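For the sequence shown, the working numbering gives the first residue as 59, with consecutive numbering after it. Think of the CB as a built atom: it goes at the ideal place given N, C-alpha and C, for glycine as much as any other residue. This structure is a prediction, so every number in the text was calculated from the model and none was measured. Below is one structure; the comments refer to it alone.
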Amino acid sequence: MPGRSIACAALAAVVLTAAAPAPARAQLSEVGQFLATLDNHYRVVPDITYHTASGHENKLDVYAPRNADGPVPVLLLIHGGGWVIGHKDTYTMRALPYLEMGFAVVNITYRLANVALAPAAVEDCLCALRWIASNAEEYGFDASRVVITGMSAGGHLSLTTGMIPSSAGLDRQCFARTFSGPRPDDPAKVAAIVNWYGITDVVDMLDGPNTKGYAVEWLGSLANREEVAARVSPVTYVRQGLPPILTIHGDDDAIVPYEHATRLKDRLDQVGAVNELHTIPGGGHGGFSDAETLEIYEVIHRFLARHGLVAAGGTSQQQD
59 MPGRSIACAA
69 LAAVVLTAAA
79 PAPARAQLSE
89 VGQFLATLDN
99 HYRVVPDITY
109 HTASGHENKL
119 DVYAPRNADG
129 PVPVLLLIHG
139 GGWVIGHKDT
149 YTMRALPYLE
159 MGFAVVNITY
169 RLANVALAPA
179 AVEDCLCALR
189 WIASNAEEYG
199 FDASRVVITG
209 MSAGGHLSLT
219 TGMIPSSAGL
229 DRQCFARTFS
239 GPRPDDPAKV
249 AAIVNWYGIT
259 DVVDMLDGPN
269 TKGYAVEWLG
279 SLANREEVAA
289 RVSPVTYVRQ
299 GLPPILTIHG
309 DDDAIVPYEH
319 ATRLKDRLDQ
329 VGAVNELHTI
339 PGGGHGGFSD
349 AETLEIYEVI
359 HRFLARHGLV
369 AAGGTSQQQD
């Protein structure tokens, strides 16, 4: 009978289902597990005003560990865009590799050329470094171990932030929080710089074969633009005692010439400053392949591990 046939079929299905092995539970990869639990271990504090100048509030986002055993090293992340465009929000994903390594991350904006000409962006980033020192206790930062990184103009600003001494006077606006208040804390200590294809000689971009419109716009109509350009050029500040510097640059970069990387390396080598250059053969201004990007982050990890900022396994080392 049809009803009996249907019942038998249903019973057979139940029996077969019971006898069949249970399907294996899907397993997340290590990366998937890290991403799935990231919110359990980090809190995000967005759009904190760290400095005000030219009537403009500079903002930063903090990615801070929730339950760290002690203060953790900090990654200061600086966006690119030729000092004329760009925003921290486009760099959020770039924080992830460093969170996986165990860093807290501070991702900043700064004044672009349409708000203030050079050296405003340089000044702002130096103020961000002081903000890290002033707020280390609140966010669990180890202000003695700050790594600075950025791409293009962000690479340039990473270099200037880590290389320019207070004696240059470019951090004086950081002292203007109150009219008669005390001098803010000394800046955090830069332990390493990771420069992705950053400009190293701004003067070179104003005239001649390497002239770039973004550099001309950043200096604008300043009467002393060449003097200011030299003042904000990383090559001006090459000396002994700098933090270790890793430069990543494609040798076919049409936006920031590869010679900016080699020129900086040559000068650093001349004074015995610790530095490395990782060249991407045929590489342009970013846009690297997955394989090239993975290799770059392996190079970054080894560089940071050599200088005691991450453990060989990937997590940041805690200070004793």
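What is the DSSP secondary structure of residue i, reduced to helix, strand or coil?
i, result
"H99", "helix"
"M59", "Because M59 sits at a pLDDT of 43, beneath the cut-off of 50, its placement in the model cannot be relied upon, and the point is left open."
"I338", "strand"
"L135", "strand"
"T75", "For T75, the predicted structure reports a pLDDT of 45, less than 50, and the residue's modelled location is therefore unreliable. The matter cannot be settled from this model."
"D311", "coil"
"Q376", "Residue confidence for Q376 is low, a pLDDT of 47 falling below 50, so the modelled location carries little weight; the figure read from the coordinates is stated next. Correct three-state label for Q376: coil."
"L367", "coil"
"V357", "helix"
"P155", "helix"
"T351", "helix"
"L280", "coil"
"V163", "strand"
"P292", "helix"
"A122", "strand"
"G344", "strand"
"R321", "helix"
"G144", "coil"
"V329", "coil"
"L362", "helix"
"G299", "coil"
"L93", "helix"
"Y149", "helix"
Does the Cβ-Cβ distance between residue i and residue j come in under 8 Å?
i, j, result
"Y149", "L135", "yes"
"D127", "K117", "no"
"L304", "R283", "no"
"A252", "F199", "It is worth fixing the name first, because residue 252 is Val in this sequence and not Ala. Against a cut-off of 8 Å, the Cβ pair of F199 and V252 comes out as no contact."
"H359", "M159", "yes"
"S291", "V332", "no"
"K386", "N172", "The first residue shown for the chain is 59 and the last is 378, placing residue 386 beyond what the model contains."
"H318", "G212", "no"
"Y100", "R124", "yes"
"V205", "L86", "no"
"L184", "V163", "no"
"G220", "P155", "no"
"H365", "A201", "no"
"L175", "L280", "yes"
Sort the options by Cα distance to residue i and report the nearest one.
i, options, result
"L157", "G128, C185, A122, P177", "A122"
"V314", "W254, I358, L326", "W254"
"V142", "E334, Y295, L277", "L277"
"L187", "K247, P129, H214, R289", "K247"
"H307", "H365, H359, N193, F346", "F346"
"T269", "S225, E350, G140", "G140"
"T320", "P302, G113, V293", "V293"
"D182", "E115, A349, Y272, L362", "E115"
"G256", "G208, G144, P223, S202", "G208"
"C232", "V368, Y355, A178", "A178"
"F161", "V274, R152, I338", "R152"
"A287", "Q298, T258, A312, G227", "T258"
"G340", "D310, L352, L322, E350", "D310"
"V357", "E334, A94, G366", "E334"
"G271", "Q91, A312, L367, K323", "A312"
"Q328", "T167, S112, S279, Q298", "Q298"
"R230", "A201, L352, V180, A194", "V180"
"R203", "P245, D262, V120, Y168", "P245"
"Y295", "G366, E353, L215", "L215"
"G227", "E196, A370, Y316, R289", "R289"
Who are residue i's beta bridge partners in DSSP?
i, result
"T107", "K117"
"V130", "F199"
"N172", "Its beta-bridge partners do not exist; DSSP assigns none."
"A273", "Paired residue(s): none; A273 is not in a bridge."
"L304", "V252, E334"
For the stretch 185-264, which segments carrying the beta strand (DSSP E) assignment without a break, of at least 3 residues, lie completely within its bounds, in sequence order?
199-209, 248-254
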